[in-house]
Amino acid sequence: MIKLSQPQIPEDAIERVGDILRSGQLVHGDECNAFESELAAYLGAKHALVVSNGTAALHLALLALDIGPGDAVIVPDFTFTATANIVEITGAKAVIVDVERSSYNLDPIKLIECIENWNGPEKLKALMPVLEFGNPSNLNTYRQIAEKYNLNMIEDAACALGASDEGTKVGTAGDFGCFSFHPRKTLTTGEGGALVTNNTELFQKAALLRSHGMERSSEGVVFKCVGLNYRLTNFQGAIGRAILPHLNNWIAQRQELAAQYKEELSTLIDSKLITIPDVFIGHSVQTFMVVLASQLKRSDIIFELKAEGVESNLGAQSMSALGLFLHQQNIKTSYPVGQELYQQGLALPLHEGMTKDDVSNVVAALSLVLNNVTR
Ligand SMILES: *Cc1c(COP(=O)(O)O)cnc(C)c1O
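According to our numbering, the sequence shown is numbered sequentially starting from 1007.
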């Protein structure tokens, strides 16, 4: 079976974990501090905070920006549910905007339309663009829109560590950039995540919230505000540190596999059975998702591919289709693109352990299956 994804944990990371476990320093410690410095340096950001998962990173970003009841935050229709969930958990409302067909990211035109026509009752406070599957498209445009309309921007860059848009590293364009280290992402620590920011005041607020509002001083521990426990363990920090130096190499391998997919899928694209994203420049290719033509039934295709030894899956959810965010604004808007991507998106295997032959075999299997069902 050619698997959809396969987490990579280098041997040196496994050895480091053994050392940390024997050291007894298990909660946030030296390894996490070092991982934060190295991550900030990698991204060219001023500050990084490692946390227990990507959802926690988003939560801390929203809390540090004082977003809560009476506020609204724009999220894309096509994403993983955590993006919209976490806005609602703070008491704010998730306002859904449709995505762009070519990149699967927030549609800048619809985004501006939503902002310009906003008439409350909540205060529109922030946008939370998702760089879906590692696609950096429009990142600089989102930043310009946030600046023009005086909105905060939190990047849900959960699956986009290492991606960049015209020189801007994903995660560094807004007030906060949030990453996930879940096994389905390119760099994994089991569970884990991080947030980065160039704003020292916001960084300090998020750091306090991460650990019970607690600060250590020469007089001992002081509790400065109410807080949470969203710390990463020290052994997870060690895993992250061991992987980070491999990341650019892995992304380059993913880019090569994506380029091969693009070339070998051209017959299926020309015959209009599938489409793929327009651009792969700066893409970290966490997931390679094609969109099946409307006459194709995805569940059948997934089943048939499995019989051919190829694992595949849907790509992400449509927030409007989930029925969990039924606010007036979301109900009266239609989301044709996000819902199409949710219905017809098909994620194909892509990971560092794959060979060129594997890609060719996936394409051969998909061609066989699609030609069989359309005949
Ligand atoms: C994975 C993911 C998350 C959640 O990250 P966790 O580490 O699983 O909490 C949030 N948003 C997006 C877009 C994701 O892909």
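We put the CB at the ideal spot given by N, CA and C, even for glycine.
Spatial neighbours of residue i in its chain, beta-carbon cut-off 6 Å, leaving aside the 5 residues before and after
i, result
"proline 1075", "Gly1097"
"leucine 1069", "Leu1215"
"aspartate 1364", "Ile1008"
"glycine 1359", "Gln1012"
"proline 1114", "Asn1144 and Thr1147"
"glycine 1321", "Met1295, Gly1351 and Ala1353"
"serine 1186", "Gly1060, Ala1164 and Gly1199"
"phenylalanine 1404", "With the chain running from 1007 to 1381 in the structure shown, residue 1404 is simply not present."
Backbone CA spacing between residue i and residue j [nearest angstrom]
i, j, result
"leucine 1352", "valine 1227", "51 Å"
"leucine 1250", "alanine 1054", "14 Å"
"cysteine 1184", "lysine 1211", "15 Å"
"isoleucine 1337", "alanine 1062", "28 Å"
"tyrosine 1267", "glutamine 1349", "22 Å"
"glycine 1167", "asparagine 1146", "Note that residue 1167 is leucine in the sequence shown, not glycine. Approximately 16 Å between the Cα atoms of the pair."
"isoleucine 1382", "proline 1013", "Shown here, the chain extends from 1007 to 1381; a query on residue 1382 therefore has no answer."
"threonine 1178", "serine 1170", "9 Å"
"asparagine 1141", "histidine 1357", "16 Å"
"lysine 1116", "histidine 1034", "42 Å"
"asparagine 1156", "alanine 1248", "39 Å"
"serine 1029", "alanine 1019", "15 Å"
"glutamate 1172", "serine 1217", "35 Å"
"lysine 1154", "threonine 1192", "33 Å"
"alanine 1152", "alanine 1067", "16 Å"
"isoleucine 1015", "valine 1023", "11 Å"
"alanine 1090", "serine 1326", "10 Å"
"aspartate 1306", "arginine 1190", "24 Å"
"glutamine 1150", "serine 1373", "42 Å"
"serine 1300", "serine 1058", "39 Å"
"glutamate 1346", "glutamine 1335", "20 Å"
"glutamate 1017", "tryptophan 1256", "16 Å"
"serine 1290", "phenylalanine 1182", "19 Å"
"glutamate 1021", "valine 1056", "21 Å"
"serine 1224", "glutamate 1207", "21 Å"
Strand pairing of residue i, partner residues [DSSP]
i, result
"glutamine 1323", "Thr1085"
"serine 1186", "Gly1199"
"glutamate 1221", "Val1228"
"aspartate 1162", "Val1136 and Cys1184"
"leucine 1055", "Leu1201"
"lysine 1191", "In the DSSP output, where bridge partners are listed per residue, lysine 1191 has none listed."
"leucine 1130", "Ala1078"
"asparagine 1235", "Ser1217"
"glycine 1351", "Val1297"
"valine 1101", "Ile1080"
Option in the options with minimal Cα separation from residue i
i, options, result
"leucine 1354", "Ile1307, Glu1225, Pro1342 and Phe1294", "Phe1294"
"serine 1340", "Cys1120, Leu1193, Gly1060 and Val1365", "Cys1120"
"phenylalanine 1309", "His1218, Val1379, Ser1186 and Lys1129", "Val1379"
"methionine 1134", "Val1093, Asn1059, Glu1106 and Ser1224", "Val1093"
"glycine 1219", "Asn1125, Gly1233 and Ile1160", "Gly1233"
"valine 1296", "Ile1275, Gly1288 and His1289", "Ile1275"
"proline 1127", "Gln1292, Phe1229 and Val1079", "Val1079"
"glutamate 1197", "Ser1108, Leu1302 and Gly1246", "Gly1246"
"serine 1108", "Leu1302, Gln1323, Asp1284 and Glu1138", "Asp1284"
"serine 1272", "Asn1111, Ile1151 and Val1369", "Val1369"
"valine 1081", "Phe1209, Ile1118, Ala1047 and Ser1058", "Ile1118"
"asparagine 1254", "Gly1288, Asn1158 and Glu1269", "Gly1288"
"serine 1324", "Ser1305, Asn1039 and Gly1344", "Gly1344"
"leucine 1137", "Lys1175, Thr1195 and Lys1154", "Lys1175"
"aspartate 1072", "Phe1187, Ile1160 and Val1057", "Ile1160"
"glycine 1044", "Arg1149, Ser1223, His1252 and Glu1270", "Residue 1044 is actually glutamate in this sequence, not glycine. The option with the nearest alpha carbon to glutamate 1044 is His1252."
"serine 1277", "Asp1181, Ala1046 and Leu1298", "Leu1298"
"phenylalanine 1209", "Glu1269, Thr1361 and Glu1042", "Glu1042"
"alanine 1258", "Glu1269, Gln1335, Ser1223 and Gln1292", "Gln1292"
"lysine 1417", "Glu1269, Ile1282 and Leu1347", "Since the first and last residues shown for the chain are 1007 and 1381, residue 1417 lies out of range."
Close-in-space but distant-in-sequence residues of the same chain around residue i (CB under 7 Å, 5 per side omitted)
i, result
"glutamine 1031", "Asn1240"
"isoleucine 1026", "Glu1037, Asn1240, Phe1241 and Ala1244"
"glycine 1130", "Inspection of the sequence shows that residue 1130 is occupied by leucine rather than by glycine. Excluding residues within five positions, the ones whose Cβ falls inside 7 Å are Ala1078, Ile1121, Trp1124 and Leu1157."
"lysine 1230", "Leu1214, Gly1219 and Glu1221"
"threonine 1194", "Pro1013, Phe1187 and His1188"
Check: residue i C-beta below 7 Å from any heavy atom of ligand 2
i, result
"aspartate 1284", "By its list of ligands, the structure shown excludes ligand 2, since it contains just ligand 1."
Other residues of its chain near residue i: CB distance less than 8 Å, five sequence neighbours each side excluded
i, result
"alanine 1371", "Leu1311, Glu1314, Gly1315 and Val1316"
"leucine 1302", "Leu1279, Gln1350, Leu1376, Val1379 and Thr1380"
"histidine 1065", "Ile1092, Ile1095, Thr1096, Leu1234 and Tyr1236"
"asparagine 1111", "Pro1082, Val1105, Pro1135, Val1136, Leu1137, Glu1138, Asn1141, Ser1143 and Asn1144"
"asparagine 1319", "Leu1010, Ile1308, Leu1352 and Ala1353"
"alanine 1040", "Gly1243 and Arg1247"
Check your understanding: Taking three-plus beta-carbon pairs below 8 Å as touching, is the region 1234-1248 in contact with the region 1262-1276?
Key -> no
Review point. Taking one C-beta from the region 1315-1331 and one from the region 1089-1108 each time, how about it: are there three or more such pairs within less than 8 Å?
Key: yes
Exercise for review: Taking 8 Å as the threshold, find out whether the region 1080-1096 comes into contact with the region 1152-1166 through three or more Cβ pairs.
Suggested key: yes
**Study point:** At least three beta-carbon pairs within less than 8 Å, the region 1044-1060 to the region 1198-1212
**Key:** yes
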